[in-house]
Amino acid sequence: QIDPAENTINQTAPIDLMHNFTDETGPSRESLFVQILESQVLQRNATFEDMDGDDPRYLALDWMLNQDEMNLDADDARLNQRYVLALLAFALDYQVWEPIGKFAGTSADGDNWPS
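First residue of the sequence shown: -16, per the numbering used here; consecutive thereafter.
Structure representation (structure tokens):
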């Protein structure tokens, strides 16, 4: 969670990438996010499982799964775009310039960008 007083992220429980995230209804949202992003966005056979908890790629995934107000489904066409924007924000240390929710926009159509 983002702590507004300190403008920093309070780490939630780490994403448990070692489990399959399936139940009687099929793969979980977390599992689907990981599968999609690893196959469509990450390069050179990188996996979230091999990343440190402070890696911007991992932090972006954690933010999308646990804090993103848009709460996208795994089949949402904006998933990759949203992940890349979150990744850029974490890689560029967004905490010193503006909270990620405002940077990445929170409108349903994705058109809520600062002018």
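Note that CB positions come from ideal geometry on N, CA and C, so glycine has one too.
| query | result |
| --- | --- |
| Selected residue, minimal CA-CA separation from Gln26, among Tyr77, Val67 and Glu13 | Val67 |
| Arg40: first and last residue of the uninterrupted alpha helix (DSSP H) it sits in | Pro39 to Asn49 |
| Helix, strand or coil at Arg61 [DSSP, three-state] | coil |
| Whether Ala105 touches Leu70 by CB criterion (7 Å) | Residue 105 is absent from the model: the chain starts at -16 and stops at 98. |
| Cβ pair Leu55, Glu13 closer than 7 Å | no |
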